[in-house]
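Read through the structure below, which is laid out as structure tokens, and then see the notes.
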Amino acid sequence: MNPVSLAIERGIAVVTIDNPPVNAASQAVRAGLVDAVRRIDGDDAARVAVLICAGRTFVAGADIREFDQPPVGPLLPEVVARIETATTPWIAAIHGTALGGGLEIALGCHYRIADPKARLGFPEVNLGLIPGAGGTVRLARLIQPGDAARMIASGKPIAATRAVELGLVDRLAGDDLRDAALGFAAEMQGANRPSPLSGRAPLACLDASQWQAIRTATEERARGRIAPVEAVDAVREATELAGDAALAGERERFVRLRQSPQSKAMRYVFFAERMVSKPPEIAGIAARPLGHIGVVGGGTMGAGISAAVLLSGRPVTMIERDRGLLAKGLAATRAHLGASLQRGLIDTAGHERILAGLSGSTDHRALADCDLVIEAVFEDLDVKLAVFGELDRVTKSQAVLATNTSYLDVGRIARAVRDPSRVIGLHFFSPAHIMKLLEIVRPETAAPDVLATGFALARHLRKIAVPAGVCDGFIANRIMNAYRRTCDTMLEEGALPRDIDDAMTRFGFAMGLYAVQDLAGLDIAWAMRKRQAESRGPDAPYVAIADRLCELGRFGRKAGAGWYLYPPDSPKGAVDPVVEQIIREESARKGIERRPITGDEIMQRIVQTMQDEGRRILAEGIAASAEAIDVVMVNGFGFPRWRGGPMFMGDPIALC
Ligand code: 3HC
Ligand code: NAI
Numbered sequence: 275m276n277p278v279s280l281a282i283e284r285g286i287a288v289v290t291i292d293n294p295p296v297n298a299a300s301q302a303v304r305a306g307l308v309d310a311v312r313r314i315d316g317d318d319a320a321r322v323a324v325l326i327c328a329g330r331t332f333v334a335g336a337d338i339r340e341f342d343q344p345p346v347g348p349l350l351p352e353v354v355a356r357i358e359t360a361t362t363p364w365i366a367a368i369h370g371t372a373l374g375g376g377l378e379i380a381l382g383c384h385y386r387i388a389d390p391k392a393r394l395g396f397p398e399v400n401l402g403l404i405p406g407a408g409g410t411v412r413l414a415r416l417i418q419p420g421d422a423a424r425m426i427a428s429g430k431p432i433a434a435t436r437a438v439e440l441g442l443v444d445r446l447a448g449d450d451l452r453d454a455a456l457g458f459a460a461e462m463q464g465a466n467r468p469s470p471l472s473g474r475a476p477l478a479c480l481d482a483s484q485w486q487a488i489r490t491a492t493e494e495r496a497r498g499r500i501a502p503v504e505a506v507d508a509v510r511e512a513t514e515l516a517g518d519a520a521l522a523g524e525r526e527r528f529v530r531l532r533q534s535p536q537s538k539a540m541r542y543v544f545f546a547e548r549m550v551s552k553p554p555e556i557a558g559i560a561a562r563p564l565g566h567i568g569v570v571g572g573g574t575m576g577a578g579i580s581a582a583v584l585l586s587g588r589p590v591t592m593i594e595r596d597r598g599l600l601a602k603g604l605a606a607t608r609a610h611l612g613a614s615l616q617r618g619l620i621d622t623a624g625h626e627r628i629l630a631g632l633s634g635s636t637d638h639r640a641l642a643d644c645d646l647v648i649e650a651v652f653e654d655l656d657v658k659l660a661v662f663g664e665l666d667r668v669t670k671s672q673a674v675l676a677t678n679t680s681y682l683d684v685g686r687i688a689r690a691v692r693d694p695s696r697v698i699g700l701h702f703f704s705p706a707h708i709m710k711l712l713e714i715v716r717p718e719t720a721a722p723d724v725l726a727t728g729f730a731l732a733r734h735l736r737k738i739a740v741p742a743g744v745c746d747g748f749i750a751n752r753i754m755n756a757y758r759r760t761c762d763t764m765l766e767e768g769a770l771p772r773d774i775d776d777a778m779t780r781f782g783f784a785m786g787l788y789a790v791q792d793l794a795g796l797d798i799a800w801a802m803r804k805r806q807a808e809s810r811g812p813d814a815p816y817v818a819i820a821d822r823l824c825e826l827g828r829f830g831r832k833a834g835a836g837w838y839l840y841p842p843d844s845p846k847g848a849v850d851p852v853v854e855q856i857i858r859e860e861s862a863r864k865g866i867e868r869r870p871i872t873g874d875e876i877m878q879r880i881v882q883t884m885q886d887e888g889r890r891i892l893a894e895g896i897a898a899s900a901e902a903i904d905v906v907m908v909n910g911f912g913f914p915r916w917r918g919g920p921m922f923m924g925d926p927i928a929l930c
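So the sequence shown is numbered by the numbering used here: it starts at 275 and just counts up by one.
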């Protein structure tokens with residue numbers, strides 16, 4: 275079926291793209307658009323054209339699946355040029371998201387009208403690319419070049435209202451985009467088509483120092499990614515060259531980047547994230563309802579989970595041990611929501627509506643109506659078993675019960691309930707309302723529709739769900755523990771925490787392991803190590819440095835000290851000679867002669883450990899695929915997306 279259709283009525287040609295799910299600009303769409311230009315220009319009855327999309331969104335970009343195949347024309351730059359030079363003026367009517375190649379098509383059109391909820395952007399840098407169909411050239415001629423460079427380099431879409439302010443969109447539609455676009459078109463009938471954007475002069479020219487400032491800021495944020503910096507260079511070039519030469523230069527950059535290892539890695543992660551979130555075992559299985567959600571425990575995780583659920587528009591009832599703790603948990607949840615308001619993620623009306631959905635109690639019976647209850651109490655099996663016994667008594671028999679445990683046996687917790695088939699693990703990451711990853715832990719007893727409900731929740735919360743089997747730490751914490759042990763061993767051999775953290779940030783992690791531990795708190799992992807102490811053989815290799823810090827109450831930032839010190843003048847952490855002393859003492863106690871360890875050795879050993887543990891996890895069936903492990907490492911622990919993940923990197927590991 276042709277995904278592009280054309281209807282001409284009362285002088286207006288309506289071109290509709292219908293290519294589910296996201297109207298990607300596939301070869302058939304491109305060919306359909308070129309054909310539509312030809313037919314409209316050849317038809318005297320058509321005096322203006324409206325380009326609109328069926329389904330949930332405007333064109334969300336080039337079809338990424340075609341990037342690894344030989345190109346088949348017409349290519350997108352040619353399609354956009356054909357629209358731009360059509361004799362009939364075109365109006366793009368935008369709803370949902372106009373992204374990448376989709377926005378480039380809209381820039382080829384002569385006017386743009388958008389649904390007020392639409393978002394527009396160039397996410398190419400998230401795939402290791404820059405726009406390749408004139409986006410840098412046309413945007414720099416429509417809005418201020420500095421804004422164009424920042425928008426393309428950030429990869430973040432902007433709201434339609436902001437797009438109007440910048441001059442990217444001509445007007446906002448009311449409730450009905452189609453009607454508004456047709457009204458706009460009726461006004462434009464008989465008007466001359468404006469000159470092609472790519473042939474115009476840029477709106478303004480920045481001087482060399484202004485460009486350098488944008489480039490430097492971009493480079494700092496990019497942390498090793500090349501595409502954002504290339505994007506700034508491309509926009510600058512687009513303002514310095516004539517349109518045709520700028521278009522050719524942009525395309526050359528795009529094709530070069532498309533073949534780069536960074537782009538291949540990021541495209542792999544893009545598809546891996548979507549693939550792992552749809553495990554075959556729940557295909558076609560309907561989820562249970564997800565109306566009212568309960569959260570037991572209002573600490574760090576309980577408050578974050580409550581905020582995440584509330585932000586998805588669902589009411590939450592929080593349970594705490596006493597009224598004081600409940601007030602604290604509710605206040606922490608409200609603070610998260612307030613921060614979301616400040617960051618512009620919700621508006622004032624939305625904030626008030628969401629707040630009205632938050633309630634709390636110290637009585638578990640308040641959970642009687644809940645469809646799903648997520649437990650986030652202390653990491654202590656007995657405490658959790660008692661909570662699940664209580665949930666068994668008070669909740670509806672069809673309600674799904676989930677534990678947010680980091681390490682404990684979800685199968686054992688499920689057996690505390692008369693019907694264990696309704697129990698799963700939902701392992702959120704901290705802060706739970708911000709982190710994208712959700713491990714869905716499947717005890718053998720879990721019913722398929724209970725698992726499907728976990729994945730449905732992830733979709734509602736806009737999180738990336740990865741199924742994981744039951745073991746100590748599931749996928750994420752099990753791999754993290756393995757490389758933590760490797761790092762601790764390197765401390766004994768001669769490295770210091772700062773050496774390891776610096777090597778990790780140079781590799782592309784946002785933070786190093788020890789800085790992260792200080793942020794998250796050292797106590798939960800310490801409790802886990804103490805629990806495992808009995809089963810650990812006396813001769814098993816064990817590094818006690820972290821235990822010694824915990825024995826001193828150095829639980830991280832919240833305690834003012836952990837692997838680093840946190841005086842008021844150094845909130846990000848200062849090196850502490852006391853820690854260095856403890857490390858040296860531990861090396862000496864084991865008779866280890868300390869030696870310098872290079873950053874390259876540190877990263878080789880860390881990634882190697884991740885791969886080794888990953889292979890064990892795969893062999894045991896804890897993770898279903900190497901992709902699942904990479905998605906966990908990228909979204910849970912900040913493994914640089916542009917490297918694809920430890921499993922994708924393969925062996926030997928290229929560190930450049
Ligand atoms: N090409 C091919 N497939 C795409 C696609 C694209 N550009 N964008 C999304 N899809 C597919 C997904 O793989 C998924 O397929 P599946 O159902 O088989 O897993 C399906 O569409 C639905 O996608 P999501 O699950 O992501 O749906 P959401 O509603 O959550 O999100 C979205 C929609 C915001 C459009 C999101 O899919 C997205 O961000 N897509 C990528 C957009 C993008 O990067 N565009 C730029 C592409 S590069 C480009 O245009 C180059 C140009 O300059 C030349
Ligand atoms: P926390 O100590 O901050 O909060 C736990 C809360 O549970 C406390 O407020 C406590 O009063 C409450 N509580 C204890 N028993 C209760 C009961 N019977 N009924 C109601 N409330 C009760 O702990 P945190 O960090 O929020 O961890 C909670 C769970 O989440 C643990 O299982 C932990 O392993 C897990 N987790 C923690 C992560 C983290 O980064 N902190 C990340 C992912 C999971």
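A virtual CB, placed ideally from N, CA and C, is assigned to each residue, including glycine.
Within the same chain, show all residues whose beta-carbon is closer than 6 Å to that of ALA512, passing over the 5 residues directly before and after it, in chain order.
THR410, VAL411, ALA414 and ALA520, listed in sequence order.
Of the choices ILE286, ILE500, MET907 and ALA560, whose alpha-carbon is the least far from that of MET462?
Of the listed residues, the one whose Cα sits closest to MET462 is ILE286.
Could you check what DSSP says for TYR838 in three-state terms: helix, strand or coil?
DSSP places TYR838 in coil when its eight states are reduced to three.
Looking at ALA336: is its Cβ nearer than 9 Å to the Cβ of ILE291?
No, these two residues do not count as a Cβ contact at 9 Å.
Counting pairs of Cβ atoms below 8 Å between the segment 803-813 and the segment 885-905, do you hit three or more?
No: the two stretches stay apart, fewer than three of their Cβ pairs being nearer than 8 Å.
Which of helix, strand or coil does DSSP assign to GLU713?
DSSP places GLU713 in strand when its eight states are reduced to three.
Starting from ARG810, trace the alpha helix (DSSP H) in both directions and tell me its first and last residue.
No alpha helix (DSSP H) holds ARG810; DSSP gives it neither H nor E.
Would you say the beta carbon of VAL651 comes nearer than 8 Å to a heavy atom of ligand 2?
VAL651 Cβ: within cutoff of ligand 2.
Taking the alpha-carbon positions, what's the ARG889 to PHE748 distance?
Their Cα atoms are separated by approximately 14 Å.
Between ASN909 and ligand 2, is there a pair consisting of the residue's CB and a ligand heavy atom that are separated by less than 8 Å?
Flag unset: Cβ of ASN909 not near ligand 2.
Per DSSP, what kind of secondary structure is PHE702 in: helix, strand or coil?
Looking at PHE702 - three-state DSSP - the assignment turns out to be strand.
Could you give the C-beta distance for LEU712 and ALA732, rounded to a whole number, given that I count them as a contact under 8 Å?
Going by Cβ atoms, the distance from LEU712 to ALA732 rounds to 5 Å, so yes, they are a contact pair.
Tell me which residue opens and which closes the alpha helix (DSSP H) that SER537 is part of.
Taken as a continuous stretch (DSSP letters only), the alpha helix (DSSP H) holding SER537 covers 535-550.
LEU675 and PHE662 - do their beta-carbons sit closer together than 9 Å?
Their beta carbons are under 9 Å apart, which means PHE662 touches LEU675 by this criterion.
Going by DSSP, what residues sit across from SER279 in a beta bridge?
According to DSSP, SER279 bridges with THR290.
Taking LEU416 as the reference, give the member of PRO397, LYS430, GLU398 and ALA380 with the closest Cα.
Closest option to LEU416, Cα to Cα, is ALA380.
Which class does THR719 belong to by DSSP, given the choice of helix, strand or coil?
Here THR719 sits in coil by DSSP.
Hey, out of GLU894, GLU555 and ASP315, whose CA is closest to ASP746's CA?
The candidate whose alpha carbon is nearest that of ASP746 is GLU894.
Nearest to PRO405 by CA position, among ALA422, LYS391 and GLY374, is which residue?
It is GLY374.
My understanding is that ILE357 touches LEU307, with C-beta atoms under 8 Å, so please give their C-beta distance in whole angstroms.
Sure, about 7 Å apart at Cβ, within 8 Å.
Is LEU413 near ligand 1, in the sense that its beta carbon is under 8 Å from a heavy atom of that ligand?
Flag unset: Cβ of LEU413 not near ligand 1.
Any Cβ of chain C within less than 9 Å of the Cβ of ARG467?
Of the protein chains in the structure, only one exists, and it is not chain C.
My output table needs one value for ILE871: the three-state DSSP class, helix, strand or coil.
Looking at ILE871 - three-state DSSP - the assignment turns out to be coil, as it is neither helix nor strand.
Just checking GLY603 against ligand 2 - is the residue's beta carbon closer than 8 Å to any of the ligand's heavy atoms?
It does: the Cβ of GLY603 is within 8 Å (strictly closer) of some heavy atom of ligand 2.
Check each candidate in LEU471, ARG510, ASP925 and ASP843 and name the one with the smallest Cα separation from SER483.
Selected option, being the one with the closest Cα: ARG510.
Going by CA-CA distance only, name the one from VAL289, VAL333, PRO363 and VAL288 that's closest to PRO295.
Comparing Cα-Cα distances from PRO295 to each of VAL289, VAL333, PRO363 and VAL288, the minimum goes to VAL333.
Go ahead and label SER551 buried or exposed: buried means 16 or more other beta carbons lie within 10 angstroms of its beta carbon, across all protein chains shown.
Flag for SER551 reads buried.
Which parts of the segment 621-665 are runs of the alpha helix (DSSP H), unbroken and 4 residues or longer, counting only runs that do not cross its ends?
The segment 621-665 contains these whole alpha helix (DSSP H) runs: 622-630.
To the nearest whole angstrom, what separates the beta carbons of ASP232 and THR362, a pair I think is in contact under 8 Å?
Any answer about residue 232 is impossible in this case: the structure gives the chain only from 275 up to 930.
Going by the beta-carbon positions, is the gap between HIS701 and ALA742 smaller than 9 Å?
Cβ distance < 9 Å, so HIS701 and ALA742 count as in contact.
TYR757 by DSSP, collapsed to three states: which one?
Note: TYR757 maps to helix in three-state DSSP.
I'd like the list of long-range same chain contacts for GLU398, defined as Cβ closer than 6 Å, with 5 residues on each side in sequence excluded.
Same-chain partners within the cutoff: GLY374, ILE404 and PRO405.
Might you give, ordered along the chain, the residues of its own chain that have their beta carbon closer than 6 Å to the beta carbon of ALA372, omitting 5 neighbours on each side?
Result list for ALA372: PHE332, ALA380 and LEU394, in chain order.
Could you pull out every unbroken beta strand (DSSP E) segment of at least 3 residues lying fully inside the segment 365-429, listed in chain order?
Listed in chain order, they are 371-373, 385-388 and 393-395.
What residues are listed by DSSP as bridge partners for ALA501?
DSSP lists no partner for ALA501.
Would you mind stating whether CYS644 and THR607 have Cβ atoms separated by less than 9 Å?
Cβ atoms of CYS644 and THR607: not closer than 9 Å.
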